[in-house]
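Mapping the sequence shown onto this note's numbering, position 183 (from 1) lands on 760, and the numbers just tick up by one.
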Amino acid sequence: LTTLEAWSKSKKDILIFLPGMREIQKAIEVLKPCLPQVMLEVLHGSLSLEEQRKIVSKAYAHRRIVLATNVAESSITLPDLDCVIDSGLEKNVQVEKKIGFSRLKLDRISIFSTTQREGRAARTNDGLCFKLWHLFDERSMPATIRPEILDSALHLELLFLASCGIQDFENFSWLEKPKISSLQRACKDLISWKLLSSDHQMTSLGRAVAASPVNIVNSVLFIEL
Numbered sequence: 578l579t580t581l582e583a584w585s586k587s588k589k590d591i592l593i594f595l596p597g598m599r600e601i602q603k604a605i606e607v608l609k610p611c612l613p614q615v616m617l618e619v620l621h622g623s624l625s626l627e628e629q630r631k632i633v634s635k636a637y638a639h640r641r642i643v644l645a646t647n648v649a650e651s652s653i654t655l656p657d658l659d660c661v662i663d664s665g666l667e668k669n670v671q672v673e674k675k676i677g678f679s680r681l682k683l684d685r686i687s688i689f690s691t692t693q694r695e696g697r698a699a700r701t702n703d704g705l706c707f708k709l710w711h712l713f714d715e716r717s718m719p720a721t722i723r724p725e726i727l728d729s730a731l732h733l734e735l736l737f738l739a740s741c742g743i744q745d746f747e748n749f750s751w752l753e754k755p756k757i758s759s760l761q762r763a764c765k766d767l768i769s770w771k772l773l774s775s776d777h778q779m780t781s782l783g784r785a786v787a788a789s790p791v792n793i794v795n796s797v798l799f800i801e802l
């Protein structure tokens, strides 16, 4: 119902912020029968740069609805847009430290993010923003975005630093420094898996793993099991 109202009130494209691809697919299933004549496009971080450019460039004149994750929050600007529908949700990677696996956790976005998303609709002229939460819900929203590095297991980050010839992880000039205990735990794991040497040099196995798109925590734990 919100989308139908937004479509009738807006004059240009609509951008809908949803937490992930699963929610985007469900929304498309609902919207297609209601707005069969409207083009629905998906903007997600897994798309190639070429696919993202095609959506951003918009080589046609008719209106459309773009369903996106937070990739469209600040890094990508859509032209010809005057309406945003914001679910107020996002998915973040959370590491289960006891078992070493990571999972996607559904969270409320920060107040900072709500402002960023709202601003997408008013880049050149006045726009509309439909916020799909109650005003009281904002009390539980954090003020700013929590740096992702603070929730990372740090294995990939340390492997990348080692590949650049950096061995002193604790004194590296992090933009947001992780906990020393997290750095030490990740370093110990990488050494025990023979991806790093004891002096933090990358091994041949480490170089092979770093070049692989497979999540190293999950893959190494699977090998050990």
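Note that CB positions come from ideal geometry on N, CA and C, so glycine has one too.
All values derive from a computational prediction rather than experimental measurement.
Can you tell me whether residue i sits near the ligand FAD, meaning its C-beta is under 7 angstroms from at least one heavy atom of the ligand?
| i | result |
| --- | --- |
| LEU773 | This structure lacks the ligand FAD; in fact it carries no ligand of any kind. |
When the Cα atoms are used, what is the spatial distance from residue i to residue j?
| i | j | result |
| --- | --- | --- |
| LYS631 | LEU644 | 14 angstroms |
| CYS741 | ARG784 | 11 angstroms |
| LEU798 | ASN748 | Caution is warranted here: a pLDDT of 45 is assigned to LEU798, below 50, making its placement in the model unreliable, and no coordinate value can be reported. |
| PRO760 | VAL648 | As written in the sequence, residue 760 is Leu, which differs from the Pro given in the question. Straight-line Cα distance between these residues: approximately 28 angstroms. |
| ARG680 | GLU606 | 26 angstroms |
| THR692 | THR654 | 15 angstroms |
| GLN602 | LEU620 | 12 angstroms |
| SER774 | GLU628 | 40 angstroms |
| GLU801 | TRP584 | At GLU801, the pLDDT of 43 sits below 50, so the modelled position is not reliable and the matter cannot be decided from this model. |
| GLU600 | ASP776 | 45 angstroms |
| ASP590 | CYS611 | 17 angstroms |
| TRP751 | LYS771 | 25 angstroms |
| LEU595 | MET616 | 17 angstroms |
| CYS706 | ASP663 | 7 angstroms |
| GLU618 | ALA604 | 11 angstroms |
| LEU608 | GLY696 | 24 angstroms |
Are there 16 or more other CB atoms within 10 angstroms of the CB of residue i, so buried, or fewer, so exposed?
| i | result |
| --- | --- |
| SER690 | buried |
| THR646 | buried |
| PHE746 | buried |
| GLY622 | exposed |
| LEU592 | buried |
| PRO656 | exposed |
| MET779 | buried |
| CYS660 | buried |
| ILE757 | exposed |
| ALA698 | buried |
| ARG694 | buried |
| THR582 | Here residue 582 turns out to be Glu, not Thr, going by the sequence shown. Classification for GLU582: exposed. |
| CYS764 | buried |
| PRO613 | exposed |
| SER587 | buried |
| THR580 | buried |
List the DSSP bridge partners of residue i.
| i | result |
| --- | --- |
| LYS668 | LEU683 |
| ILE662 | ILE593 and PHE707 |
| ARG641 | MET616 |
| LEU773 | MET779 |
- prompt: Is the stretch 712-719 in contact with the stretch 685-695, if contact means three or more CB pairs nearer than 8 angstroms?
  reply: yes
Go through the stretch 585-634 residue by residue and report every complete run of the beta strand (DSSP E) that reaches 3 residues or more, in order. 590-594 and 616-620
Report task. Entirely within the stretch 688-733 and at least 3 residues each: give me those beta strand (DSSP E) ranges in chain order. Result -> 705-708
Practice item. Determine, using beta-carbon pairs with one atom in the stretch 728-741 and one in the stretch 691-711, whether at least three such pairs fall under 8 angstroms. Key: no
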